[in-house]
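S.K.: In the numbering used here, the protein residues as written are 21 to 231. Ideal Cβ placement from N, Cα and C applies to all residues, glycine included.
#1: Taking 8 Å as the threshold (C-beta atoms), are residue 76 and residue 139 in contact?
#2: Using 8 Å for Cβ pairs, my map puts residue 116 next to residue 82. What's the rounded Cβ distance?
#3: Please go through the same chain and pick out, in chain order, the residues whose beta-carbon is closer than 8 Å to the beta-carbon of residue 41, but skip the five residues on each side of it.
#4: Per DSSP, which one or two residues make a beta bridge with residue 229?
#5: Between the region 125–140 and the region 95–108, do three or more beta carbon pairs fall short of 8 Å?
#6: List the endpoints of the continuous alpha helix (DSSP H) containing residue 56.
#7: Which residue wins for smallest C-alpha separation from residue 97, given the options 85, 71 and 60?
#8: Excluding the 5 residues flanking residue 202 on each side, which residues of the same chain have their C-beta closer than 8 Å to its C-beta?
#9: Just checking my contact of residue 66 with residue 92 at CB under 8 Å: how many whole Å lie between their CB atoms?
#10: Tell me the rounded alpha-carbon separation between residue 213 and residue 52.
#11: Where do the ends of the alpha helix (DSSP H) carrying residue 126 lie?
#12: Which value, in whole angstroms, describes the spacing of the CA atoms of residue 238 and residue 48?
#13: When the Cα atoms are used, what is the spatial distance from residue 206 to residue 46?
#14: What whole-angstrom Cβ distance do residue 179 and residue 228 have, given they're in contact under 8 Å?
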């Protein structure tokens with residue numbers, strides 16, 4: 021990280037960030053389509069001007085951050101098809117609901133670092149981790165439901181549901197295990213499970229895509 025390490029000044033970081041954003045947006049406009057450019061701009065605006073300030077103001081900043089975090093596949097869909105339909109919204113929903121338990125497990129594991137950095141997270145106010153465990157379990161339920169939507173909307177076939185259902189149920193059960201035992205080791209295991217969940221789900225979706 022060049023800023024904390026002092027290898028880059030805040031001014032240099034700002035100019036570099038502006039240049040990267042501008043070049044990326046121009047590339048989308050010139051070589052892809054206007055819709056993908058506007059969606060990418062929405063990611064930049066919501067991340068920088070909404071999510072980032074909320075990090076030090078409210079413990080629910082993760083919910084705001086999940087919006088720009090879930091938009092990249094929508095940009096990709098728009099780039100490929102020049103429209104945003106319910107297929108893209110399903111992809112958005114999966115990414116959105118996956119991020120909540122994933123990042124709250126990170127917040128629990130690194131709560132001391134977040135507290136030292138002045139970040140307001142649920143984990144910094146939760147001494148024993150019980151509240152975090154309840155939130156992770158709660159948000160795993162809508163993730164289970166939206167993970168089954170690709171077959172319903174015609175993105176994937178029946179094989180997807182047959183594979184995604186046990187995967188989603190297993191992940192949700194792991195989330196509920198945290199209600200009983202939320203030690204660092206168990207939370208760390210859940211964190212790695214969340215990392216594996218998303219690529220596995222998308223791999224199944226790709227293998228059983230509807231042509």
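M.R.: In terms of the structure at hand:
#1: The residue given as residue 139 occupies position 119 in the chain shown. The residue given as residue 76 occupies position 56 in the chain shown. Contact flag set, yes.
#2: Translated into positions along the chain shown, residue 116 becomes position 96. Translated into positions along the chain shown, residue 82 becomes position 62. 11 Å between Cβ atoms; not a contact.
#3: Within the chain shown, numbered from 1, the residue matching residue 41 stands at position 21. Counting only Cβ-Cβ distances below 8 Å, and skipping sequence neighbours, we find 64.
#4: Along the chain shown, one-based indexing puts residue 229 at 209. Beta-bridge pairing links residue 229 to 176.
#5: The region 125–140 makes no contact with the region 95–108: fewer than 3 CB pairs, one atom from each, lie closer than 8 Å.
#6: Residue mapping note: residue 56 aligns to position 36 of the chain shown, counting from 1. Residue 56 -> alpha helix (DSSP H) spans 54–66.
#7: Against the chain shown, residue 97 aligns to sequence position 77. Closest by alpha carbon: 60.
#8: For the purposes of this step, residue 202 is taken as residue 182 along the chain shown, with counting starting at 1. Closer than 8 Å at the Cβ level, and outside the excluded window around residue 202, lie 128, 148, 149, 150, 152 and 153.
#9: In the chain shown, the residue the question calls residue 66 occupies position 46. In the chain shown, the residue the question calls residue 92 occupies position 72. In fact, because the Cβ distance is near 12 Å, the residues do not count as touching under 8 Å.
#10: The residue labelled residue 213 in the question sits at position 193 within the chain shown. The residue labelled residue 52 in the question sits at position 32 within the chain shown. Whole-angstrom Cα-Cα distance: 35 Å.
#11: In the chain shown, residue 126 corresponds to position 106, counting from 1. Taken as a continuous stretch (DSSP letters only), the alpha helix (DSSP H) holding residue 126 covers 106–129.
#12: Residue 238 lies beyond the range of the chain shown here (21 to 231); nothing can be said about it.
#13: Taking the first residue of the chain shown as 1, we reach residue 206 at position 186. Taking the first residue of the chain shown as 1, we reach residue 46 at position 26. Each residue's Cα considered, the two are about 45 Å apart.
#14: Translated into positions along the chain shown, residue 179 becomes position 159. Translated into positions along the chain shown, residue 228 becomes position 208. That pair is a contact at about 4 Å.
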